[in-house]
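Sequences listed follow chains B and H, in order.
Sequential numbering of the first sequence, starting at 196, is according to our numbering.
Sequential numbering of the second sequence, starting at 220, is according to our numbering.
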Amino acid sequence: MYWEKELEILERKNLQKLQVERLMKTMRQAANAPYYGRVPEIRAFLDSGMTSIEQIRELPFTSKEDLRQDFPWGFLSTDKRDVVRLHSSSGTTGNPTVVYHNRHDLDSWANLMARSLFAAGVRDTDVFQNICGYGLFTGGLGFQYGVEKLGCLSIPAGAGNSPRQIKLMRDFGTTVAHAIPSYLGRLLDVFREEGFDPRRDTKLHTLVIGAEPHTEEHRRRIEEMFGVKAYNSFGLSEMNGPGVAFECTEQNGLHVWEDAYVVEIIDPQTLQPVADGEIGELVMTTLDRQAMPVIRYRTRDLTRFLPGECRCGRTHRRLDRISGRSDDMFIVKGCNVFPMQIEGVLMKLPEVGDDYRILLDTIDDQDEMIVEVEVKKEWFRGDLAFLDRLQRHITRLIRDEVLVRPLIKLVEPGSIPKAEGKAVRVIDQRKN
Amino acid sequence: MTYQVSIFLENKLGHLERVTAVLRDAQINIRSIHLNHTANGWGILNLVVSNPELAHQRLNESGMSAALREIAVVKMADRPGGLDELLRDIVRAGVNFTNAYGRTVNDGESAFFVVDVQDIPEARKKLMDVGLELLADQLVYGI
């Protein structure tokens with residue numbers, strides 16, 4: 196039933212006491228980092244102590260911009276020799292977001308991941324296929340180490356190549372798979388093309404879906420198509436990656452592991468906590484990370500605490516599925532994309548006009564990012580080959596920047612509405 | 220020098236008509252039309268018109284991407300085998316074109332063939348070296 200019973204059903208009073216202890220420890224560790232060493236509020240708590248976890252509100256927030264500005268070592272709280280891995284966001288313009296881990300951090304992360312999967316009913320008897328990109332992206336290695344910790348037979352399949360995914364599933368009797376929800380429609384198409392029905396021709400009983408916002412209806416459709424239970428997974432690289440919050444078998448909200456994180460939900464305008472159960476921006480603090488503690492990180496994800504207790508008995512509160520962002524980031528094919536990244540690429544090209552538009556759409560069951568680009572009049576010479584080359588060039592540059600291959604659409608000058616004030620640069624027409 | 224007008228066009232309802240409306244208002248006659256499109260939703264419209272400079276100016280004024288593009292126009296016979304004869308000569312001249320289209324001429328015996336290549340001066344020379352007749356602007360533009 197539980198991976199770590201004592202911790203998972205710990206009385207809230209004691210859970211909060213544990214949080215205060217761990218936050219003090221975290222602050223002591225964080226003060227070693229150049230960035231947090233400069234924060235007077237941290238010094239004050241280290242001098243006078245902390246009595247209630249609510250006092251965390253006296254600490255300043257940490258934003259993504261802060262992480263980038265102090266790139267690369269400003270948040271490192273330990274000797275570089277102690278660090279064994281880094282994960283990093285995409286991007287070639289400006290500084291990426293980097294998170295460092297020492298051995299303790301990786302073990303703690305793997306344990307949270309194992310706890311999460313166990314809560315969703317995954318056991319060491321399962322065969323787990325991780326259909327997810329490995330490398331700097333946390334979904335690959337994050338799941339890998341957790342699955343190994345749990346004791347499943349792991350298949351590090353990586354992303355893409357659907358016929359091979361299906362062959363692996365059938366050859367080794369995969370029972371659990373992890374993938375981004377938008378990929379599963381594509382996978383199902385290939386199942387059908389090859390004359391298979393995943394309900395009949397595989398041993399799948401569970402799918403873990405995450406890294407992309409999706410609706411309850413979409414989840415139910417996935418469950419129906421694959422004949423499985425599908426569980427929502429939430430994480431972000433600044434807080435390790437996957438394994439931050441996870442659904443239990445009740446499938447009613449994602450338990451966020453409060454022994455590992457302090458979780459706050461604030462009004463993004465007033466920066467004050469919202470009333471319990473109201474939607475606001477998720478703010479998180481690591482409680483069990485040594486190489487790079489992060490304090491009051493503004494995730495920009497909008498969600499709320501689900502009221503009441505969960506029937507599973509876990510005392511760690513549940514988050515509702517993410518309902519949006521308090522900034523303009525969007526997620527496509529599992530990758531986080533900021534419109535500014537795309538703008539940065541386009542504005543460096545002399546051939547391209549100032550106006551552009553990003554359309555997110557579902558084409559043949561696959562989510563696609565279409566970027567509409569105007570070619571400046573003075574560059575038009577009536578030459579088809581030139582435009583074709585330009586189109587491929589832009590495709591490659593954006594792909595390198597955001598790791599998602601866009602569909603570039605060249606459009607007539609003046610056909611994209613001019614950006615005035617808060618122009619809508621992103622139009623999301625995706626079906627799910 | 221002979222020119223076609225090339226216009227960047229999205230493949231959308233009404234976009235071609237926007238071009239023809241501008242030409243109609245400027246009283247410009249379209250002598251020949253060639254439209255190609257890519258799988259990416261856009262294409263290039265090539266026009267031989269009675270007054271390419273004016274067409275270019277008016278189309279740009281109305282916000283479109285239009286370009287004047289030099290072409291070579293050669294004469295061919297308006298009868299079965301006419302194009303084949305011409306192409307044999309073009310092959311002999313060693314001119315590989317990226318685009319081509321044509322139209323008949325009012326005399327009932329001949330037609331013209333528009334050749335679009337990167338290096339027009341060199342192509343003209345090569346075509347003339349094998350004895351092909353390059354048409355005068357007046358004949359091409361019909362003025």
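Just so you know, even glycine gets a beta-carbon here, dropped at the ideal spot from N, CA and C.
This structure is a prediction, so every number in the text was calculated from the model and none was measured.
Touch test, the region 565-583 of chain B against the region 249-266 of chain H, Cβ-Cβ under 8 Å, three pairs minimum:
Counting Cβ pairs under 8 Å, three or more are found: they touch.
One or two residues paired with residue 294 of chain H in a DSSP bridge:
Here residue 294 of chain H refers to the residue found at position 75 of the second sequence. Beta-bridge pairing links residue 294 of chain H to H/331.
Contact set for residue 307 of chain B: own chain, Cβ-Cβ below 8 Å, skip 5 residues either direction
Counting from one through the first sequence, the residue named residue 307 of chain B turns up at place 112. Answer for residue 307 of chain B: 341, 435, 438, 439, 452, 455, listed in chain order.
At least one CB of chain B closer than 9 Å to the CB of residue 234 of chain H: is that the case?
Here residue 234 of chain H corresponds to residue number 15 of the second sequence, with the count starting at 1. Yes, residue 234 of chain H lies at the interface with chain B (some Cβ there is under 9 Å from its Cβ).
Taking DSSP's pairing of strands, which residues face residue 351 of chain H in a bridge?
Taking the second sequence and counting its residues from 1, the one referred to as residue 351 of chain H is at position 132. Residue 351 of chain H is not bridged to any residue.
CA nearest to the CA of residue 266 of chain B, picked from B/542, B/283, B/601
Stepping through the first sequence from its first residue, residue 266 of chain B is reached at position 71. For residue 266 of chain B, the nearest C-alpha among the options comes from B/283.
Would you tell me roughly how many angstroms separate the C-alpha atoms of residue 299 of chain B and residue 305 of chain B, rounded to the nearest one?
Here residue 299 of chain B refers to the residue found at position 104 of the first sequence. Here residue 305 of chain B refers to the residue found at position 110 of the first sequence. Residue 299 of chain B and residue 305 of chain B: Cα-Cα distance of roughly 10 Å.
Span of the alpha helix (DSSP H) around residue 446 of chain B:
In the first sequence, residue 446 of chain B corresponds to position 251, counting from 1. Premise fails: residue 446 of chain B is in no alpha helix (DSSP H) and is neither H nor E.
Rounded to whole angstroms, how far is the Cβ of residue 403 of chain B from the Cβ of residue 315 of chain B, which I believe are closer than 8 Å?
Counting from 1 along the first sequence, the entry for residue 403 of chain B is found at position 208. Counting from 1 along the first sequence, the entry for residue 315 of chain B is found at position 120. Rounded, the Cβ-Cβ distance is 7 Å, consistent with contact.
Could you round the C-beta distance between residue 418 of chain B and residue 424 of chain B to whole angstroms and report it? I think they count as a contact, below 8 Å.
Stepping through the first sequence from its first residue, residue 418 of chain B is reached at position 223. Stepping through the first sequence from its first residue, residue 424 of chain B is reached at position 229. About 6 Å; that satisfies the 8 Å criterion.
Closest residue to residue 208 of chain B among B/224, B/200, B/247 (Cα-Cα distance):
Mapped onto the first sequence, residue 208 of chain B falls at position 13. For residue 208 of chain B, the nearest C-alpha among the options comes from B/247.
Chain-ordered residues of the region 355-367 of chain B with a beta carbon less than 8 Å from chain H
none
Where residue 399 of chain B and residue 421 of chain B are concerned, what is the direct C-alpha to C-alpha distance, given to the nearest angstrom?
Position 204 of the first sequence, counting from 1, holds the residue named residue 399 of chain B. Position 226 of the first sequence, counting from 1, holds the residue named residue 421 of chain B. Approximately 8 Å between the Cα atoms of the pair.
I'd like to know whether the C-beta of residue 547 of chain B is nearer than 9 Å to at least one C-beta of chain H.
Stepping through the first sequence from its first residue, residue 547 of chain B is reached at position 352. Closer than 9 Å: no.
Check whether the Cβ atoms of residue 291 of chain H and residue 330 of chain H sit closer than 9 Å, and answer yes or no.
The residue given as residue 291 of chain H occupies position 72 in the second sequence. The residue given as residue 330 of chain H occupies position 111 in the second sequence. No, these two residues do not count as a Cβ contact at 9 Å.
Could you tell me the distance, in whole angstroms, from the CA atom of residue 486 of chain B to the CA atom of residue 277 of chain B?
Translated into the one-based positions of the first sequence, residue 486 of chain B becomes position 291. Translated into the one-based positions of the first sequence, residue 277 of chain B becomes position 82. Between residue 486 of chain B and residue 277 of chain B, the C-alpha separation is close to 8 Å.
In angstroms with no decimal places, state the Cα-to-Cα distance between residue 608 of chain B and residue 565 of chain B.
As a working mapping, residue 608 of chain B is identified with position 413 in the first sequence. As a working mapping, residue 565 of chain B is identified with position 370 in the first sequence. Distance between the alpha carbons of residue 608 of chain B and residue 565 of chain B: 17 Å.
Indicate the three-state DSSP secondary structure (helix, strand or coil) for residue 473 of chain B in the structure shown.
By one-based count along the first sequence, residue 473 of chain B stands at place 278. Three-state DSSP puts residue 473 of chain B in coil, outside helix and strand.
List the residues of chain B that residue 295 of chain H touches, going by C-beta distances under 7 Å, in chain order.
Counting from one through the second sequence, the residue named residue 295 of chain H turns up at place 76. Correct list: empty, because the minimum Cβ distance to chain B is about 23 Å.
Any Cβ of chain H within less than 9 Å of the Cβ of residue 603 of chain B?
As a first step, residue 603 of chain B must be located in the first sequence, where it is residue number 408. Yes, contact with chain H.
Residues that residue 576 of chain B contacts on chain H, provided the C-beta gap is smaller than 8 Å:
In the first sequence, the residue the question calls residue 576 of chain B occupies position 381. Ordered by position in chain H, the residues that pass the 8 Å Cβ test against residue 576 of chain B are 225, 286, 288.
Quick one: list the residues of chain H neighbouring residue 572 of chain B, beta-carbon separation under 9 Å, in chain order.
For the purposes of this step, residue 572 of chain B is taken as residue 377 along the first sequence, with counting starting at 1. Against chain H, the beta carbon of residue 572 of chain B has neighbours under 9 Å at 227, 279, 282, 283, 284, 285, 286, listed in chain order.
At a cut of 8 Å, does the region 359-378 of chain B reach the region 310-330 of chain B through at least three beta carbon pairs?
yes
Candidates H/285, H/340, H/317: which alpha carbon is nearest residue 239 of chain H's?
Residue numbering aside, residue 239 of chain H sits at position 20 when the second sequence is read from its first letter. Of H/285, H/340, H/317, the residue nearest in Cα terms is H/285.
Does the region 297-309 of chain H come close enough to the region 321-339 of chain H that 3 or more CB-CB pairs lie under 8 Å?
Segments in contact, yes.
What residues match up with residue 339 of chain B in a beta bridge as DSSP calls it?
Taking the first sequence and counting its residues from 1, one reaches residue 339 of chain B at position 144. Looking at the DSSP assignment, residue 339 of chain B forms no beta bridge with any residue, so it has no partner.
Could you tell me whether the Cβ of residue 453 of chain B comes closer than 9 Å to any Cβ of chain H?
What you label residue 453 of chain B is simply residue 258 of the first sequence in a count that begins at 1. So no, residue 453 of chain B is outside the interface.
If you drop the 5 nearest sequence neighbours on each side, which residues of the same chain put their C-beta closer than 7 Å to that of residue 617 of chain B?
Taking the first sequence and counting its residues from 1, one reaches residue 617 of chain B at position 422. Any reading at residue 617 of chain B needs caution, since the residue's pLDDT is 47, under 50, leaving its predicted position unreliable; the model's value is listed next. Taking residue 617 of chain B as the centre and dropping the five residues before and after it, the same chain places no C-beta closer than 7 Å to its C-beta.
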